[in-house]
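Reminder that position 211 of the sequence shown reads as 236 in the working numbering, one-by-one numbering, no gaps.
Backbone N, C-alpha and C define an ideal beta-carbon position, used for all residues, glycine too.
For clarity, every value in this text was computed on a predicted model and none was experimentally measured.
Below: the structure, in structure tokens.
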Amino acid sequence: MKESLGGVLLDFLFLWEVIMTKYVFVTGGVCSGLGKGITASSIALLLKAKGYKVFMQKFDPYMNVDPGTMSPIQHGEVFVTADGCETDLDLGHYERFIDEELNYTSNITNGKIYSSVIEKERRGDYLGATIQIVPHISNEIKNKIYEAGVSSKADIVITEIGGTVGDIESSVMMESLRQFRMEQGVENSLFVHTTLVPYLFGSNELKTKPTQNSIIDLRRLGIQPDIIVTRSNMELGDAIKNKISLFGSIPKENIIEAIDVNNIYQIPINFHKQNIEDIILNQFKLPIQPSNLKYWEDLIDTVSNLKKEIEISLVGKYVELHDAYLSVMEALKHAGYKHNRKVIINWVNSESLEKENANLDEIFKNSKGILVPGGFGQRGIEGKIKACEYARTHNIPYLGLCLGMQIAVIEFARHVCQIEDASSREFKETCKNPIIDLMAEQKTIINMGGTLRLGNYECSIQKNTLTHKIYKADKILERHRHRYEFNNKYKEELEKHGLVFSGINEPSNLVEIIEYPKHPFFVACQFHPEFKSRPTRPHPLFDAFLKAAIDYKK
Ligand code: GLN
């Protein structure tokens, strides 16, 4: 009896949250790369600035359960949430814009949806039904949207749908959104569609046909957009807006222009000037309070008036695709904002450093800091070790992130402690001295997906270290994504030569941060601080690294 009462109460609370939450969906048309993620983030930021609690979610229509097993060249960076989910890089934009921690409900893929439905079918949950795309898959998708609303207790959930309208992959997701609108009505659900209005050279005009067609594509799926966000490289003007309004059945004021900008953080302000948040709140019949955007306007002001430049070398193996290092790039920029510097990244392909005739003096000539970010696999490792050695021996500030820390200790073991054949089991299974090794529990793992050490872990910071000065804290929480660990067997030897293990995860006795006090700034960590950096609040490690880079004198 008690249990069923509790059950009824839970059902009621669930329903209450569903009723109270409003849902914004952001779709994209014409082509990819129009900035749907930034559009969704900007809308969320503006609604938050009006005093509403927001939460964000991304639907990715691929069959991978998560992007964790994908190559960064395919997909760009894998962003990690505090609760340890490997997610799409757009979640990084979301967190940086709305400054809220997202979680496992924030990134849903077709792979996740299908495997969950198949698991339920195998368990017998469907009681003999024939399992179909509609309603079983579509219900599962809708449930994920409701779950985000209920678990976050947000006033407004903003869900971005990856891909482009008309893709086979996303068709069930779109069908679920159609049903969602039926269930929730216009007062509780709103569709924002982002499209392209290209400028044609020669005929010198902006063209609305791709936008018109894309709206037709959306309507074919049973969805009429409420707001159109048009990406263009110039102002549309009245005539173009009238045309989109007429053919798309969109009130003219609901056409929001997203004109190209140099700095993505400008977009919320541009949308705010066109009242996008008021349009949304009006449709939801929610009260409209004044916006609190002063902090963001100050940020734009800082970003647009950076007086000096500073070059940092980023040594990685996926440097041809900058998106593979998106959060690192952003974190460097954020530190730059604080120190009034425009950070120029010198992209260094680690494999190029391995060539015999590689001229490191030339490559790092203008760099005031060297950063080795995360990575997997053996390719390009020796080049990274060379870059780290160069930074150490030339007193150039060094920041190592995850793999960058493993590189730093291997380099130190090889060249300072003279430990022969020092390496990581990841690069050389048979190495004599595995300074970096697999933990016992990782040795029995068969599945690659979702089995890394992921998400938040605690780190205790040793007093009287540079790290302690940087963090000004005894305990911190940072996000992880790695399989290998520092091998404590070598700790004493490295310490004897001056390396300091300044951050430790005490429960598992794992090395989290190292520093080398004989060097002006040689700091590396086993986690990914870049995920926690915010434009208005740079991460302490990036902040300190950039400060050291500014102070660096050859
Ligand atoms: N490849 C290393 C490991 O798995 C480092 C991972 C990373 O840099 N994210 O431990």
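Inter-residue CB distance, threonine 94 and valine 217 (contact presumed, cutoff 8 Å): Wrong, their Cβ atoms sit about 31 Å apart, outside the cutoff.
Among Glu126, Ser196 and Asn258, the one whose alpha carbon lies nearest that of leucine 221: Comparing Cα-Cα distances from leucine 221 to each of Glu126, Ser196 and Asn258, the minimum goes to Asn258.
Those residues which DSSP pairs with phenylalanine 84 across a bridge: Residue pairing from DSSP places phenylalanine 84 in a beta bridge opposite Ile133 and Ile186.
Distance cut-off 7 Å: glutamate 451 Cβ against heavy atoms of the ligand GLN: Distances between the C-beta of glutamate 451 and the heavy atoms of the ligand GLN include at least one below 7 Å.
DSSP three-state assignment for glycine 101, whether helix, strand or coil: Glycine 101 falls in the coil class under three-state DSSP.
Histidine 507 CB to nearest heavy atom of the ligand GLN below 7 Å: Within the cutoff, so yes.
Cβ neighbours of threonine 490 in the same chain (closer than 7 Å, five flanking residues each side left out): So the qualifying residues of the chain are Val525, Ser527 and Glu540.
Straight-line gap, valine 286 to proline 545 (C-alpha atoms, nearest Å): So the two alpha carbons sit approximately 37 Å from each other.
Three-state class that DSSP yields for leucine 566 in the structure shown: Of the three classes helix, strand and coil, the one that applies to leucine 566 here is helix, per DSSP.
Beta-carbon contacts of proline 565 that lie in its chain and below 7 Å, excluding the five residues immediately before and after: Taking proline 565 as the centre and dropping the five residues before and after it, the same chain places the C-beta of Ile495 and Tyr496 closer than 7 Å to its C-beta, in chain order.
Closer than 7 Å: cysteine 413 CB and nearest the ligand GLN heavy atom: No, the beta carbon of cysteine 413 sits no closer than 7 Å to any heavy atom of the ligand GLN.
Option nearest isoleucine 294 by Cα separation, candidates Leu306, Lys277, Ser316 and Asn279: The residue with the shortest Cα to Cα distance from isoleucine 294 is Ser316.
Any non-hydrogen atom of the ligand GLN closer than 7 Å to leucine 396 Cβ: Flag unset: Cβ of leucine 396 not near the ligand GLN.
Glutamate 381 classed as buried or exposed, judged by whether at least 16 other C-beta atoms fall within 10 angstroms: Glutamate 381 counts as exposed, since fewer than 16 other beta carbons sit within 10 angstroms of its beta carbon.
First through last residue of the alpha helix (DSSP H) which encompasses threonine 64: For threonine 64, the enclosing alpha helix (DSSP H) begins and ends at 61-74.
Contact test: phenylalanine 556 Cβ vs the ligand GLN heavy atom, cutoff 7 Å: Phenylalanine 556 Cβ: outside cutoff for every heavy atom of the ligand GLN.
Residue interval of the beta strand (DSSP E) (run including threonine 52): Going by DSSP, threonine 52 is part of the beta strand (DSSP E) stretching over 47-53.
Helix, strand or coil at alanine 416 [DSSP, three-state]: Alanine 416 falls in the helix class under three-state DSSP.
Spatial neighbours of valine 90 in its chain, beta-carbon cut-off 8 Å, leaving aside the 5 residues before and after: Cβ neighbours of valine 90 beyond the five flanking positions: Thr134, Gly136, Lys137, Ser140, Gly474 and Gly475.
Coarse secondary structure for isoleucine 444, derived from DSSP in three states: Reduced to three states, the DSSP call for isoleucine 444 is coil.
Phenylalanine 272 in three-state terms, based on DSSP: Correct three-state label for phenylalanine 272: helix.
Check: glutamine 11 C-beta below 7 Å from any heavy atom of the ligand GLN: Because the chain in this structure spans residues 26 to 579, residue 11 falls outside the shown range and cannot be described.
With 16 other Cβ atoms within 10 Å as the buried cut-off, status of cysteine 56: So cysteine 56 counts as exposed.
N-terminal and C-terminal residue of the alpha helix (DSSP H) that arginine 121 is part of: In this chain, the alpha helix (DSSP H) harbouring arginine 121 covers 115-123.
Spatial neighbours of threonine 561 in its chain, beta-carbon cut-off 7 Å, leaving aside the 5 residues before and after: Contacts found: Tyr320 and Leu324.
Member of Gly54, Cys413 and Asp462 whose CA lies at the smallest distance from the CA of valine 373: Closest by alpha carbon: Cys413.
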